[in-house]
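Numbering-wise, the sequence shown is residues 260 to 1016 according to our numbering.
Even glycine gets a Cβ: it sits at the ideal position worked out from N, Cα and C.
Values in this document were obtained by computation on a predicted structure and should not be read as measured data.
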Amino acid sequence: MAALDPLSLFTGLGLSEHKARETLKNTALSAQLREAATQAQQTLGCTIDKATGTLLYGLASRLRDPRRLSFLVSYIANRKIHTETQLSAALEYVRSHPLDPINTMVFEQECGVGVVVTPEQIEEAVEAAINRHRPQLLVERYHFNMGLLMGEARAGLKWADGKMIKHEVDMQVAKARPEETDRRTAKDVVENGETVVQTLSLMEQLRGEALKFHKPGENYKTPGYVTTPYTMDLLKQHLEITGGQVRTRFPPEPNGILHIGHAKAINFNFGYAKANNGICFLRFDDTNPEKEEAKFFTAICDMVAWLGYIPYKVTYASNYFDQLYAWAEELIRRGQAYVCHQRGEELKGHNPLPSPWRDRPTEESLLLFEAMRKGKFAEGEATLRMKLVMEDGKMDPVAYRVKYTPHHRTGDTWCIYPTYDYTHCLCDSIEHITHSLCTKEFQARRSSYFWLCNALDVYCPVQWEYGRLNLHYAVVSKRKILQLVAAGAVRDWDDPRLFTLTALRRRGFPPEAINNFCARVGVTVAQTTMEPHLLEACVRDVLNDTAPRAMAVLEPLQVVITNFPAAKSLDIQVPSFPADETKGFHQIPFGPIVFIERTDFKEEPEPGYKRLAWGQPVGLRHTGYVIELQHVVKGPSGCVESLEVTCRRADAGEKPKAFIHWVSQPLTCEIRLYERLFQHKNPEDPAEVPGGFLSDLNPASLQVVEAALVDCSVALAKPFDKFQFERLGYFSVDPDSRQGQLVFNRTVTLKEDPGKV
């Protein structure tokens, strides 16, 4: 840490670059912060996390007596002071005792050191505050003073984390007072005489878009559409071929795996066709053989089918190579294209000099273009360019280039390949696409789209643009995912920490949840960057109704029931969906030896702890029995190895404070717990992550529990089967599983993590 320059040191603490530079201007503050960071680093022996860095900055900026710095830094570095509330109390204590030796016992009592506020306590405090003000909350709705709820909840929980209280308030208020739905993706319906807002399905939204889009055959009514003397005849022929049917296409490049942004494109293209009784092609834009692989074709087809869509037909740009070449020759004959010898670097940018070969004679360009096809030019020596200027100032885009790479479908037949700018609109024309739906960045190519179809006098579809869908805490660039794989940060394209569709499937995200998420985002024109927790909420909504329950223990602690009520194990009938027992039951054994979560037992519990402890029995879920601690068995090191308990019927005494999950005669399995791969919202933003996205990896993004225990009801589970492990979260069987060796991926937790912003 000491070797770092001050700017890097401060940004390493979690300060933005702007904040770090402002801090450096304050000599006293920067000196005190440097000293605090150095001392914390020496105590920790590792990198300072952002939460600790924030507290150190708060300490350095507010501490008036530098003699107390080392003392307070040690408390922060050792996580004895870990909230802003505790830091404020600590600063107030040293301010009010400027000359006195610090009495650590009194100091720790004043600062809440060692006090643990459980999520259950926060939940109860917030619930009580909301219940006191529920009538007013429902009447005033969005004008209600939320600070009142925060203040009342905090009053009884002085040392609680403020973020956790706020999160719990937000969660419970959302349930008590449903949020307004975006009117662009909502409709009003009347139920029991009251107007209720409901989210529109994607199909309903897309049918609504049909009111804005042109009708098939009425392309010319679209603003900006260019007509020629041939337009109406071409549209008439088009209608005779299509019968007035809506036709769309999803045109991925087969050079990588589809990601969450493509899910919106798939839903938009296939969904718009389906919503309007049309058809959608899956067309591979396979015009760059250098980057295309067979596995990408297969994966793309699989993902489209996984999301629930069936293409009308799977086509390839390479299907049309002969026609595209013939049209290129015709474009030259019409004086609209020419062979150019400028190199790639000379063509870059939006204001390159006009090509010296722009006015080359037509016959000469035809001969040279044929020579390009016959392999008489090296790569980069010649291109075919179209004579037009695009909206963004790009002049004469390239139509064909030389590439001596065998094509996966056409082999060595071609050594020249068309570009996107040339291919896309002409393939749309060949397939009589009515609505060419594409993302906003292609808006600058709309004029070339119309220009090329009209230059060749072929049917001209209409290009419509919509906003891309992006996610925070994610990288979806193919090049950058390859870097992550090469660096060993992820296993492959389907690593469950990525947001490729294959990765989301492997993690256990249901396709319905992804489609619902796209519907919730809506058919927006503006680019949308969403929080991952909104996608996870859609996942929970689906899995809550579709994932059967089971019980699993991640950190097992053996419990021996000394007075087990039967000579052998009992068979327990457990509802697979407790909220709807008509969906069936599964059977699990209940024997004299069970395993519980180690965190569900404490010898010396803190206030508010509700699980197993001395004098505090707990119920075992689904058994009808309560267990009470009798003896703690410890190993030579003093670690608790097992517990001895007695049991009684739950209805034979006072109801316990909690019911915990357990397993008996369990299966041993591997469980993989996933967190975000990146630590910052925008890992590709240099302002937020100066060291680049590879420097922003979350070291805790994967935790592997190698010897977890799960009840035997899941023994026959297959890859991608999904379960809710009670009290733990939703889990999916990983394809790495083998018979007798199940591997589970945690899909999402049961509730949104309060620590995630």
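Among the options, nearest to residue i - alpha-carbon criterion
| i | options | result |
| --- | --- | --- |
| PRO925 | LEU816, ARG727, GLU588 | LEU816 |
| VAL904 | LEU871, CYS928, HIS600, SER996 | LEU871 |
| THR1008 | GLU795, TYR659, ILE361, ALA290 | GLU795 |
| PRO720 | THR311, PRO482, GLU276 | PRO482 |
| PRO876 | CYS906, LEU606, ALA310, PRO570 | CYS906 |
| GLU862 | LEU888, LEU407, TYR316 | LEU888 |
| LEU322 | GLU294, VAL563, GLN1000, ARG542 | GLU294 |
| ILE525 | PHE509, VAL573, LYS480 | PHE509 |
| CYS797 | TYR989, LEU583, GLN504 | TYR989 |
| ASP671 | TYR663, LEU813, THR678 | TYR663 |
| LEU936 | ALA748, HIS881, GLU411, ASP680 | ALA748 |
| ARG857 | ALA811, ALA746, SER896 | ALA811 |
Per-residue burial, residue i [other beta carbons within 10 Å of its own, 16 or more giving buried]
| i | result |
| --- | --- |
| GLN962 | exposed |
| ASP264 | exposed |
| PHE860 | buried |
| VAL1016 | Annotation note: pLDDT 41 at VAL1016 (below 50); position unreliable, coordinate value reported separately. Burial call: exposed. |
| PRO437 | Reliability of the predicted coordinates at PRO437 is poor, the pLDDT of 46 falling under 50, and no value is obtained from them. |
| LEU541 | buried |
| MET491 | exposed |
| VAL801 | buried |
| ILE886 | buried |
| MET645 | buried |
| MET364 | exposed |
Three-state secondary structure assigned by DSSP to residue i
| i | result |
| --- | --- |
| TYR484 | coil |
| PRO378 | helix |
| HIS881 | coil |
| ASP870 | The residue asked about is misnamed: residue 870 is Arg in this sequence, not Asp. Coil at ARG870, not helix or strand. |
| HIS402 | For HIS402, the predicted structure reports a pLDDT of 48, less than 50, and the residue's modelled location is therefore unreliable. A value from the coordinates is still provided. Reduced to three states, the DSSP call for HIS402 is helix. |
| HIS890 | strand |
| VAL365 | helix |
| ILE335 | helix |
| GLU865 | coil |
| ALA733 | coil |
| HIS845 | strand |
| ALA261 | Caution applies to ALA261, whose pLDDT of 46 falls short of 50 and renders its modelled position unreliable; the value that the coordinates give is listed next. Three-state DSSP puts ALA261 in coil, outside helix and strand. |
| VAL717 | coil |
| VAL505 | coil |
| LEU566 | coil |
| PRO620 | coil |
| PHE330 | helix |
| ILE692 | coil |
| VAL223 | Residue coverage of the chain in this structure runs from 260 to 1016, which leaves residue 223 outside it and unanswerable. |
Own chain, CB closer than 7 Å to residue i, minus 5 neighbours either side, in chain order
| i | result |
| --- | --- |
| PRO866 | none |
Beta carbon proximity, residue i to chain B, threshold 9 Å
| i | result |
| --- | --- |
| ILE361 | In the structure shown, chain B does not exist; there is a single protein chain. |
Same chain, Cβ closer than 8 Å to residue i, neighbours up to 5 away in sequence not counted
| i | result |
| --- | --- |
| SER835 | PRO807, ARG808, LYS842, GLY843, PHE844, HIS845 |
| ARG280 | LEU266 |
| LEU283 | PRO265, LEU266, PHE269, SER289 |
Residues of its chain near residue i, where Cβ-Cβ distance is below 6 Å and the 5 sequence neighbours each way are ignored
| i | result |
| --- | --- |
| VAL449 | For VAL449, the pLDDT reaches just 42, beneath the cut-off of 50, and the residue's location in the model is therefore unreliable, although a value from the coordinates is still provided. Taken in chain order, the list of residues that qualify is empty. |
| SER688 | CYS712, VAL717, TYR718 |
| GLY371 | GLN345, TRP418 |
| ARG442 | At ARG442, the pLDDT of 40 sits below 50, so the modelled position is not reliable and the matter cannot be decided from this model. |
| GLU439 | Here GLU439 scores only 36 on pLDDT, less than 50, and its place in the model is too uncertain to base an answer on. |
| CYS684 | TYR708, LEU711, CYS712 |
| PHE636 | VAL661 |
| SER614 | CYS599, GLN601 |
| TYR401 | Because the pLDDT at TYR401 is just 44, under 50, the model does not fix this residue reliably, and the value given afterwards should be weighed accordingly. Same-chain partners within the cutoff: there are none. |
| ASP917 | In the sequence under discussion, the amino acid at residue 917 is Ala, which differs from the Asp named in the question. Only LYS869, ARG870, VAL877 meet the Cβ criterion. |
| GLY312 | LEU272, GLY273 |
| PRO511 | ILE559 |
Run of the beta strand (DSSP E) containing residue i, from where it starts to where it stops
| i | result |
| --- | --- |
| TYR725 | 721–725 |
| ASP671 | Note, ASP671: premise wrong, no beta strand (DSSP E); not H, not E. |
| SER901 | 899–908 |
| ALA658 | 657–661 |
| GLN938 | Per DSSP, GLN938 belongs to no beta strand (DSSP E) and is neither H nor E. |
Span of the alpha helix (DSSP H) around residue i
| i | result |
| --- | --- |
| VAL798 | 791–805 |
| ASP687 | 679–689 |
| VAL353 | 343–355 |
| VAL780 | 770–780 |
| GLU605 | 603–606 |
| THR313 | 309–321 |
| LEU813 | LEU813 -> no alpha helix (DSSP H), and no H or E assigned at all. |
Residue i: CB within 8 Å of a non-hydrogen atom of the ligand GDP
| i | result |
| --- | --- |
| TYR597 | Annotation note on the ligand GDP: not contained in the displayed structure, which lists no ligands. |
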